[in-house]
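Here the structure is laid out as structure tokens; the discussion comes afterwards.
In my numbering, the protein residues as written are 1 to 175.
Okay, here's the thing in structure tokens:
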């Protein structure tokens, strides 16, 4: 799923609220991603990042939610930008991608390797998706690696990614 929308609803709580909201979103073709619901000081708060279909603009989604019986409702439907796919980043010598099950410290652990090889991160893009009951995290680095250290840096990254059960791939730029 490529989340492109964040929906936030805060309103008075009532029985059936989550069912009504999620059913309405389903009816207009929304694919829910990370979703939470909590009661806080008497207010119901429903938040989701989701994939809104091209056939349903944000204004239509918001109008559909406003039709639901909700008291004192505050509804926000906003576009969010997914992490960019890096293609050709000026100053970078390599594009590196690691993906796998999300885990604490993932970016920190991978980015520390660049220090060891005097490599500089030019651009970073990370995104998470929910797939098969798991949260899959994809990290893309555009990196400037000194030519004489590139092979060792990439080998160390591949070994570290493998030990973390991540898929690893890279492209060399400018060749």
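Cβ atoms here follow ideal geometry from the backbone N, Cα and C, with glycine treated the same way.
Since this is a predicted model, take the numbers as computed values, not measurements.
Asked	Found
Cβ contact (3+ pairs, closer than 8 Å) linking the stretch 25-32 and the stretch 48-55	yes
C-alpha gap between residue 91 and residue 76, whole angstroms	39 Å
N- and C-terminal bounds of the alpha helix (DSSP H) containing residue 162	150-163
Residue 170 versus residue 34 - alpha carbon distance	29 Å
Three-state class that DSSP yields for residue 75 in the structure shown	strand
From 128, 125, 124, 107, residue whose alpha carbon lies closest to that of residue 160	107
Of the listed residues 140, 115, 134, nearest to residue 127 (C-alpha basis)	140
Cβ-Cβ distance between residue 36 and residue 47 below 8 Å	yes
Residue 183 burial status per 10 Å Cβ neighbour count (16 or more: buried)	The chain is shown only over 1 to 175; residue 183 falls outside these bounds and no answer can be derived.
Start and end residues, alpha helix (DSSP H) containing residue 101	Premise fails: residue 101 lies in the beta strand (DSSP E), 94-101, not in any alpha helix (DSSP H).
Reduced DSSP category for residue 59 - H, G, I as helix; E, B as strand; rest coil	helix
Environment of residue 143 [buried if 16+ CB atoms lie within 10 Å]	buried
Closest Cα partner of residue 178 within the set 25, 43, 4	This structure cannot settle anything about residue 178, because the visible part of the chain is limited to 1 through 175.
Best match in 98, 123, 122 for proximity to residue 156 [C-alpha to C-alpha]	98
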